Each structure stands twice: as structure tokens, then as C-alpha cells.
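Just so you know, we're using the numbering used here here: the sequence shown kicks off at 3 and counts up by one. Below is one structure, written out as C-alpha cells; the observations come after it.
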Amino acid sequence: MKIIATDRVGAEHVLDGRDGWSVMEILRDAGLPITAECGGACACATCHVYVDEEWLGKLSPKSDAETDMLDMALAVEANSRLSCQITCSDALDGLKVTIAPE
Ligand code: FES
């Protein structure tokens with residue numbers, strides 16, 4: 003599956019997702035500026051992304067932990083998600099995300 007990620011200067015990157023990996027891991031391994039301080043434990047919100055509207059409804063709903071972390075994050079929008087909580091799968095082929103400001 004492909005992930006289309008827009009970075010903080012507006013450049014688009016087409017990345018190869020890996021089944022079962024989190025979107026955060028794919029962004030980080032591609033060298034995009036995502037801190038992911040907690041390593042994917044849903045405890046830092048430094049993997050915050052905006053999900054393209056057309057994909058939002060296709061993701062699994064947020065856990066309470068993700069909702070709580072996003073409550074404390076900055077620049078949160080209705081389409082904010084933590085990328086470590088999105089798991090790559092074929093159903094998400096073409097997923098579009100934008101890396102949120104730091
Ligand atoms: S990497 Fe820390 S919340 Fe996602």
C-alpha cells in the first residue's frame with residue numbers, strides 16, 4: 003500500500019506502507035520530521051498528523067488514550083490523528099496525511 007504524506011513545507015512524499023506497521027513508523031523510517039518521542043505508545047502526540055477528509059471515515063475509531071493525548075496536543079483539528087495509532091493495511095492504500103506543526 004502507498005501512503006501519501008505532505009511534510010511541513012508542503013512537499014508530497016509517496017511512501018510504501020508495510021502491512022501491520024504503524025503509519026508513524028513508515029513516516030519516521032522515510033526520514034520525515036516526525037519525532038514520535040514515545041515510540042508509538044500513544045503517550046506523546048509528537049506523531050500528530052491531519053488525515054485527508056476522504057480517508058478519515060476509513061480509519062479505526064480513536065481509542066480513549068488517543069483522544070486524551072490529542073486533547074493535550076497543539077493545533078488539533080477535526081481530522082487530527084496520532085499516526086502511531088493508524089495501522090497500515092491494503093484497505094488504506096493511498097492514505098493521505100499531512101504532518102502537523104511541531
Ligand atoms: S509516537 Fe507518541 S503518541 Fe504516537
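Glycine included, every Cβ here is placed at the ideal spot set by N, Cα and C. On a predicted model such as this, the values are computed, not experimentally measured, just so you know.
With C-beta atoms as the reference, is residue i less than 8 Å away from residue j?
{"i": "D66", "j": "M3", "result": "no"}
{"i": "A43", "j": "M74", "result": "no"}
{"i": "T89", "j": "S24", "result": "yes"}
{"i": "A102", "j": "V51", "result": "yes"}
{"i": "R83", "j": "L97", "result": "no"}
{"i": "M71", "j": "A38", "result": "no"}
Going by alpha carbons, who is nearest to residue i out of the options?
{"i": "V16", "options": "C46, L61, L29", "result": "L29"}
{"i": "A80", "options": "I88, T69, D92", "result": "T69"}
{"i": "D9", "options": "P35, G22, C49", "result": "P35"}
{"i": "A32", "options": "V78, I5, K64, A77", "result": "I5"}
{"i": "S91", "options": "M26, G12, E104, G19", "result": "G19"}
{"i": "A93", "options": "C86, G59, K64", "result": "G59"}
With respect to the alpha helix (DSSP H) encompassing residue i, which residues constitute its N-terminal and C-terminal limits?
{"i": "T69", "result": "66-74"}
{"i": "L84", "result": "Here L84 belongs to no alpha helix (DSSP H); instead the beta strand (DSSP E) covers 82-84."}
{"i": "L58", "result": "55-58"}
Any idea which residues DSSP pairs residue i with across the strands?
{"i": "R30", "result": "Looking at the DSSP assignment, R30 forms no beta bridge with any residue, so it has no partner."}
{"i": "I6", "result": "V16, K98"}
{"i": "S24", "result": "T89"}
Residues passing the C-beta test against ligand 1 heavy atoms, cut-off 7 Å: M26, A38, E39, C40, G41, G42, A43, C44, A45, C46, A47, T48, C49, M71, L84, S85, C86, Q87
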